[in-house]
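Trainee:
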Amino acid sequence: KALKLSSAARQDYTTGEVLTLMSVDTERVFLLMIQGPWLFMGPLSFIISVVLIGILFDFYSALGAAIVLVVVMVISARQGRRIAGFQKKLLKVIDERVKVTSEALQGIRVMKFYAWEESLAQRVEKLRVKEVGLLRKFHMYQVINTVMLFLTPSFVSGVTLGIYVLIHHTISVVEAFTLVAMVNICRTALNQLPQAIAGISKAKISYARLDAFLTSDEVAAQPLLLTGQGTATPTNKSPLLADNSEAYSTSTGRGYISIRDASFEWPATSQAEVVVVTSDIEENEGRGQAPTTAVPADPEASPVKKTTTDSQGFKLKGVNLEIERGSLVMIVGKVGSGKSSLLNALLGEMSRTSGVLEIGGRVSYVSQDTWIRNATLRDNILFEEPYDDERYAQVLDASQLAMDLKSLPNGDSTEIGERGINLSGGQKARVAIARAMYRSGTDVLILDDPLSAVDPHVAHSIFDKCIVGLAAGQTRLLVVNSHYDLLTRADQVIVMRDGAIVGHGSYGNVLAQFPHLAMETSNTTQSVDREDEIDALLPESGQVIETLENSKNVETEKKDEVTKASAGHLIRAEDRVRGTVGSHVYKAYFDETGVNGWVVVLVVSILYCVGQGARTMVDWWPGHWARNMPRRGVDPTYSGTTFGMWYLGLIVLCSILTLIRGVTMIESCMRSSQHMHDELFRRVLRAPVTRYFDVTPIGQILNRFSNDLDQMDTTLPLGYQLFFQNVSMAIGSLVVSAFASYWIGVSYIPLMVIFVMTGQYFKKTSRELKRLEGITRTPVYNLFSETLSGLPTIRAFRMEEQFSARNRQVVDTNANMYLTYWSASRWLATRLDLMSVVIIFVVTLYLVSTRGEIGSMTSGLSLTYALMLTSVIQWVMRSVDRVDNATTSVERLLFFRQIEREEDGGKRITELIASKGSISGNQTHSWPSQGAVRFDGLCLRYRPELPLVLKGVDLDVAAGEKVGICGRTGAGKSSLMVA
């Protein structure tokens, strides 16, 4: 679907939003498939419990139990709707945060040049505060739901017991514990039902979001392709005929372009806030340029200055154009006149509102914003075409790339990185040109001003060898904003102004109508002549100006030779931690609450144990009441009302303690999530560009700030809550069931050993599967991000099928790990069920064999809790596994603590100046008063393993001087700016 998004849909769905749909929303739909059956199994277990109560007691007791369950379900459903409301708001905030994070990472260089790290961090943190606030409410409602359903068996027991005693005035110990056991039949369903309710609430929102995306506008199919008879057939831009137009003809030949009375338009841009973030220094000193962004800002962000803009979509009006095959057409015009829009209209990226458009043949395209894949230089040029050694060599020579291969560590096998960060701007433009030149069978070649990225000398060589040479015979459309001297060689020149073609014809005819083009041509010719003069003064290509000492050169050359092999591999493979999740990860997570992590764990453990003690008292009290029932009417000190009030008080106390422990757990997790995100996001912003961002795909970072963060925000709090709840229940069940005899406790020892061994065996596999699932998910993110940024090029080259196939491959790899992970949990469930039955058998066998030796109340309570172990022990192991696997996401996030930081990152000017020595009384503490720059023997390499790109540069620029830096493409001009 992403490959088919129209320009209007791309405005609605940014890369970050699509990644959220692809990761978070699809995950929630899947989890509904896992949790959904409990929506039916839960009510079924309730019905069974009510029927059994009716059989054991009477109709009125069963009716009371049914009413309690119905009331609980109604309240739970209402809670589910509230949870769904928070979920909807939450996903919007997550979309916005991921969107801002994605934009920041994609523009990290500009952000660092302007020192916007602090402003951006504050903006994301404000969004994060809103997100965590919604998460806190979301989890609190879930806690209330979970606590209510967790205590529902106690509510049912209390109401049933109260009604039965009220009517019959008596109950036996056997009946009391049988009641508790029957009510516990629905305990597992009650534990799972809140997750199922929350799951369907989440999935409902995600389904709606996915449906909106999948039904969003699509770009029309690609322009006209030729049939076997050499004629054009209607496709994406299937001709839209004007009312008075003639019937459409399919006589268009290969390379022929015809536009008749056509109008095109871009979608209107939605209302946006232009936010100017001002730093304290700028406000106080009035110096510098404030950063400006055109994305929706947090309305609560401060300090900001906001203005609202709402622009209409740009239009091309009344376009009429006939281009014969093999023609060279150049398009000129002022900035914003519609040159690129005309090319996008031909490619189908711009919506046509009227008229007819016909294109015959196969199209190749070079975009204005060069799109480079995260692959080797050769793979970028081949672009899925078969390798032809002779043609490849011709394309390298014609695109002026052959010489650049010598400077790359591994030649054309060098990874050039995401967005081509390993290349200069001119080199990226030439790679894009080479890609279009290498493609076989091209009939129409569309070039959107690629020559402006290279110097005049290289531009003329590319024009002669590529556009006029290799592409001879193809229909060529070239936009030029410079190099006007080339216009004399065009077959047709098109002049654009305000979205309309105002001039069209040969160069001579157009020049007569627009004389200023002659002046532009003259200026360009003079600049080429000046460049030739400069080239004569420069050393020949391949020579190195030796300005360093010989010893330094020898040392550098040795180091370059050693690291040359590894330097070709630019992108760093994602780290994978092996083995157990260390205790330091758990401690680091809870340390983020602001209190020592182990103290938090101890306090939470105590709260859950105390709550379970109260829960055990609630289950014990009916038996105690039944044992004292014979005193009724005999012992004047006996009061049924007193026993009933005590029972009610214990239920209320248990409810309060259960709610407190749940709220404490959620609040601890929310504080940890918020503090950890803020710390790690700032850490990433302070990472060096060349040593981190240039070698780390954006998809890898976004994976952690979206999917892994979602695991920490939503899965981990619930996982910890269920873990402590189930562990405390299991310990309580084992202790109570062993209370009948120490022999039962002794028999538990080998069973517990088997439990632990099975759990450890399973955890080793499950944990690694979860880690592998996280690692295999990153290529999916990378491919989505890369594809969305290069949609026009992919669609122009008709590469949708190839990218879809690549997407299926990486998704299948990830789904394989995901399915294996969930299948492993089924393996565990089968073995835990078997061992749970063994526990029940051991306890039952002992109680039957010692009949009469153990009191009925002790036997009843022991057997009741042994039955409870059937589900509790299994859910303990699942909770341990769930928490352990979710903590791998925390582990992956904590990796950001290990990345290198810029030494002076985040410091104010006053701090930097103060750190370099004392400041005289008349010297300013804010900003240097003069813009002088001095380089003294400057040597620069982008990373330690790479060769020098600047070698002994000596330069003094006085304050106020204007300095022009020239040199061939790849000579080091941009590197000097980076320095």
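Sequential numbering from 1 applies to the sequence shown in UniProt numbering.
By construction, the Cβ of each residue, glycine as well, lies at the ideal position given by its N, Cα and C atoms.
As the structure is a computational prediction, the values presented were derived from the model and not from experiment.
With distances taken Cα to Cα, identify the nearest neighbour of L135 among Y818, P717 and R968.
Mentor: Checking every option, the nearest Cα to that of L135 belongs to P717.
Trainee: If you drop the 5 nearest sequence neighbours on each side, which residues of the same chain put their C-beta closer than 6 Å to that of residue 982?
Mentor: Past the boundaries of the shown model lies residue 982; the chain is included only from 1 to 979, so the question cannot be answered.
Trainee: Could you compute how far the alpha carbon of G360 sits from the alpha carbon of E679?
Mentor: Spanning the two alpha carbons is a distance of roughly 56 Å.
Trainee: Would I55 and S61 qualify as a contact pair, given that the criterion is a beta-carbon distance under 7 Å?
Mentor: It is not a contact, given that the beta carbons lie outside the stated cut-off.
Trainee: For R934, which of S399, P944, E415 and E961 has the nearest alpha-carbon?
Mentor: The candidate whose alpha carbon is nearest that of R934 is E961.
Trainee: Who are the near neighbours of R362 in its chain, counting only those whose CB is closer than 6 Å to its CB and skipping five residues on each side?
Mentor: Around R362: G441, T442 and D443.
Trainee: Would A398 be called buried (16 or more neighbouring beta carbons within 10 Å of its own) or exposed?
Mentor: Burial call: buried.
Trainee: So for R806, helix, strand or coil by DSSP?
Mentor: Looking at R806 - three-state DSSP - the assignment turns out to be helix.
Trainee: Does Y256 come out as helix, strand or coil in the three-state DSSP assignment?
Mentor: Residue state, collapsed to three classes: coil.
Trainee: Taking the alpha carbon of residue 1032 as the point to measure from, which residue in G967, T376 and S23 has its own alpha carbon closest?
Mentor: Coverage of the chain is limited to positions 1 through 979, which leaves residue 1032 absent and any answer about it impossible.
Trainee: Can you list, in chain order, the residues of its chain whose CB lies under 7 Å from that of S566, leaving out five sequence neighbours each side?
Mentor: The predicted position of S566 is uncertain, since its pLDDT is 46 and thus under 50; a value taken from the coordinates is nonetheless stated next. So the list reads E945, once near-sequence residues are dropped.
Trainee: Apart from the five residues just before and just after G42, which ones in its own chain have a Cβ nearer than 8 Å to its Cβ?
Mentor: Answer for G42: C186, A189, L190, Q192, L193 and A196, listed in chain order.
Trainee: Count the other C-beta atoms from every protein chain shown that fall within 10 angstroms of the C-beta of T850, then say buried if there are 16 or more, exposed otherwise.
Mentor: By the neighbour-count rule (16 or more Cβ atoms within 10 Å), T850 is not buried but exposed.
Trainee: Can you tell me whether R826 is buried or exposed, with buried defined as 16 or more other CB within 10 angstroms of its CB?
Mentor: Exposed, since its Cβ has fewer than 16 Cβ neighbours within 10 Å.
Trainee: Less than 8 Å between the CB atoms is what I'm expecting for S263 and G355, so what's the real figure, rounded?
Mentor: Correct: roughly 6 Å between the Cβ atoms.
Trainee: Is R934 helix, strand or coil by DSSP?
Mentor: Here R934 sits in strand by DSSP.
Trainee: Short of 7 Å in beta carbon distance, which residues of its chain neighbour D388, apart from the five on each side in sequence? Order them along the chain.
Mentor: So no residue of the chain qualifies.
Trainee: Quick check on the DSSP output: the beta strand (DSSP E) that includes H504 runs from which residue to which?
Mentor: First-last of the beta strand (DSSP E) with H504: A500 to G505.
Trainee: Going by other Cβ atoms of all chains shown within 10 Å of its Cβ, with 16 needed for buried, is L470 buried or exposed?
Mentor: The residue in question, L470, is buried, as its Cβ has 16 or more Cβ neighbours within 10 Å.
Trainee: Grouping DSSP H, G and I as helix and E and B as strand, with all else coil, what is M645?
Mentor: M645 falls in the helix class under three-state DSSP.
Trainee: Suppose only complete runs of 4+ residues qualify. What are the alpha helix (DSSP H) ranges in the region 767 to 842, listed by chain order?
Mentor: Segments of the alpha helix (DSSP H) lying fully in the region 767 to 842: 791 to 796.
Trainee: What does a CB cutoff of less than 6 Å around residue 993 pick up in its chain, not counting 5 residues either side in sequence?
Mentor: There is simply no residue 993 to check, as the chain begins at 1 and stops at 979 in what is shown.
Trainee: Could you please give the first and the last residue of the uninterrupted beta strand (DSSP E) stretch that includes G355?
Mentor: It spans S351 to I359 - the beta strand (DSSP E) in which G355 sits, taken as one unbroken run.
Trainee: Assess, as a yes-or-no matter, whether the region 77 to 90 is touched by the region 675 to 692 under the definition of 3 or more beta carbon pairs within less than 8 Å.
Mentor: The region 675 to 692, when compared against the region 77 to 90, does not touch it at the 8 Å Cβ threshold.
Trainee: Does T658 pass the burial test, meaning 16 or more other C-beta atoms within 10 Å, or should it be called exposed?
Mentor: T658 is buried by the Cβ-count criterion.
Trainee: Between S728 and C609, which are expected to be in contact by the criterion C-beta below 8 Å, what is the C-beta distance as a whole number of angstroms?
Mentor: Between C609 and S728 the Cβ distance is about 6 Å, and since that is below 8 Å, they are a contact.
Trainee: Return the CA-CA distance between G745 and T858, expressed in angstroms with no decimal places.
Mentor: So the alpha carbons of these two residues sit roughly 14 Å apart.
Trainee: Any idea what DSSP makes of G640, helix, strand or coil?
Mentor: Note: G640 maps to helix in three-state DSSP.
Trainee: Starting from the N-terminal side, write out each stretch of the beta strand (DSSP E) that is 3 residues or longer and does not extend beyond the region 685 to 749.
Mentor: None, since the region 685 to 749 contains no complete beta strand (DSSP E) of that length.
Trainee: Taking the Cβ atom as the reference point for each residue, do E265 and G313 lie within a distance shorter than 7 Å?
Mentor: Taking 7 Å as the Cβ cut-off, E265 and G313 qualify as a contacting pair.
Trainee: Need the endpoints of the beta strand (DSSP E) that M496 sits in, please.
Mentor: Its beta strand (DSSP E) spans residues Q492 to R497.
Trainee: Per DSSP, which one or two residues make a beta bridge with G336?
Mentor: Paired residues: none, contrary to the question.
Trainee: Helix, strand or coil, according to DSSP, for Y365 in the structure here?
Mentor: In this structure, Y365 counts as strand in the three-state DSSP scheme.
Trainee: Tell me which same chain residues have a C-beta within less than 6 Å of the C-beta of M69, skipping the five on either side of it?
Mentor: It is Leu, not Met, that sits at residue 69 in the sequence shown. So the qualifying residues of the chain are F46.
Trainee: Look at M496 and S706 and say whether their C-beta atoms are less than 7 Å apart.
Mentor: Going by C-beta atoms, M496 is not nearer than 7 Å to S706.
Trainee: Given 6 Å as the limit, tell me if L451 has its C-beta closer than that to any heavy atom belonging to the ligand GTP.
Mentor: Looking for the ligand GTP in the displayed structure turns up nothing, as the structure carries no ligands at all.
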